[in-house]
Amino acid sequence: MTKLLKDYPECIFCKNTKLKTFKQSSEKNFYINALIKDLQLNYKFLDKIKIKECKRCGSLQNNPWFNEEISQKIYTNIYGQHNKNWSNVINFFNTGKLHIHGNLFELINKNLKIKNYGEYKTPFMGLMLDYFLTEYKYKKKEFKKYFNLNIEYLKSRQVAGKNKKIQIECINRGNKILLEKNKINTNLLKKVSVKKYLLNDFSRFSWGINDNYKSVNSLALANEIFNNFKIINLHEKNIPKFDLFGIFLTLDHSENPKKILDFALKNSKYVIVNCHTSEKLNKQHLFTFTKKIINYLGKCGIYTKNINNYLNNKTKNSEIYFVCSRKNQIKF
Ligand SMILES: [Zn+2]
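Residue numbering for the sequence shown follows my numbering, starting at 506 and increasing by one per position.
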């Protein structure tokens, strides 16, 4: 068997090389079970993966951990579909309700004026759906129908391998669906609220190219249903200025999390970060932040405020929400 593991000797976030051993028993879960099966490993193999704690930023990191090839395989093939991302959007269009971040969206709108909003990666994990709900009149039946029509429309364009006659039928059916979904859109649209940007990279530690539902990719669906919406990448020349940039459970899926946070801080007045901070690190993640991250960012001269106490989603003890900024004090 080729070598599956690789050394990650420095903290992936702050690049510190002083990591100390952190004792923790590993637990089985859905992801671990899938990993073991698909990579044809046994549970004992996972004992090779030890946990280290960064003495500077407090992050917990597995070392050694899976090499780039395997980590790409984990998030693209072994569990390519980001379950929560999809259940968020499916539940939203079925019920019109958003239970993702409690009262966070109200809190933000009370405190900040936002015209340009950016977000990192998975499109249905953050506030994009909240914006959708402010832009459209909610009608239960139409919402459900609108979601399904968008999926059907995108599917109708997948005609590779079909004969000419079926290809034409598919395309024509797609054209009809397009008219129908545009009609619902026009009927329900109240006003477009903010300009929305989604920062996409090709991190191997993250879902993306195979994050599909009924063969439709989440980015394609987002691009279809969101108004005033643009997908951008890190290397673009004309990066817009954001009033707020959101990072929702995605920073620990970046190969270079500091670079993503720096990008957000540089281009945005405020950055909101929601991340796992459990004192447990499972084997399917390379690393996790701990609550110490807030202090560390403060020491780096970044205004940082934990806003968990202002939020009403108390079930999320293992996650924190913090707002940070390079120039603006956080007055929440
Ligand atoms: Zn560190």
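Ideal placement from N, C-alpha and C gives every residue a C-beta, glycine not left out.
Since we're looking at a predicted model, the values are computed, not measured.
Asn668 has its alpha-carbon roughly 41 Å from the corresponding atom of Gly631. Taking 8 Å as the cut-off, the beta carbon of Leu617 is found closer than this to the beta carbon of Leu749. Contact annotation: the segment 691-703 touches the segment 644-654, with at least three C-beta pairs closer than 8 Å. Taking Ile656 as reference, the option from Tyr643, His587, Ile730, Ile676 with the minimal CA-CA separation is Ile730. Spanning the alpha carbons of Phe637 and Cys516 requires a straight line of approximately 37 Å. Residue pairing for Gly623: DSSP places it in a beta bridge opposite Tyr702, Phe750.
Proximity of the beta carbon of Cys805 to ligand 1 is not indicated: no heavy atom of the ligand is located closer than 7 Å.
With respect to the 8 Å criterion, Lys701 and Lys620 are not classified as neighbours on the basis of their beta carbons. Nearest neighbour of Lys602 by Cα position, chosen from Ile575, Ile736, Leu791, Asp635, turns out to be Asp635. The Cβ-Cβ distance between Ile825 and Asn811 falls below 8 Å. The C-beta of Arg662 has fewer than 16 other C-beta atoms within 10 Å across all chains shown, which makes the residue exposed.
Annotation for Leu609: no beta strand (DSSP E) segment contains it, though the alpha helix (DSSP H) segment containing it runs 609-616.
Distance from the CA atom of Trp591 to the CA atom of Phe527, rounded to whole angstroms, is 34 Å. Sequence-distant partners of Cys519 (beyond 5 residues in either direction) whose C-beta falls short of 8 Å from its own C-beta, in its chain, are Cys559, Arg561, Cys562, Ser564, Lys763, Tyr801. The beta-bridge partner set that DSSP reports for His740 is empty. In the DSSP assignment, Asn772 falls within the alpha helix (DSSP H) that extends over 762-772. For Arg561, the Cβ falls inside the 7 Å cut-off from some heavy atom of ligand 1.
Non-local C-beta neighbours of Glu640 in its own chain, meaning closer than 8 Å and more than five positions away in sequence, comprise Leu694, Lys695, Lys696, Val697, Ser698, Asn732, ordered along the chain. Val594: not part of any beta strand (DSSP E); member of the alpha helix (DSSP H) spanning 588-600, first to last residue.
Checking the 7 Å criterion, the Cβ of Ser564 is within range of a heavy atom belonging to ligand 1.
DSSP, read as helix, strand or coil, puts Tyr801 in helix.
Three or more Cβ pairs closer than 8 Å define a contact, and the segment 775-785 meets that threshold against the segment 734-752. Leaving aside the five residues that flank Lys511 on each side, the residues in its chain whose CB is nearer than 8 Å to its CB run, in chain order, Pro569, Trp570, Phe571, Asn572, Glu573.
Sequence-distant Cβ neighbours of Ile682 in its own chain, meaning closer than 7 Å and more than five residues away, are Leu654, Glu657, Tyr658, Ser661. Between Arg831 and Leu770, the C-beta gap is smaller than 8 Å, which places the two residues in contact. Under the DSSP assignment, Ile835 falls outside any alpha helix (DSSP H); it carries neither an H nor an E label. Val828 is bridged by DSSP to Ile777, Lys810. Boundaries around Gln566 are those of the beta strand (DSSP E), 565-568, since no alpha helix (DSSP H) includes it. Residue pairing by DSSP places Leu524 opposite Cys559 in a beta bridge.
Placement of the Cβ of Asn521 at a distance of less than 7 Å from at least one heavy atom of ligand 1 is found. With a threshold of 7 Å, the Cβ atom of Phe794 does not count as near ligand 1, since no heavy atom of the ligand is closer than that.
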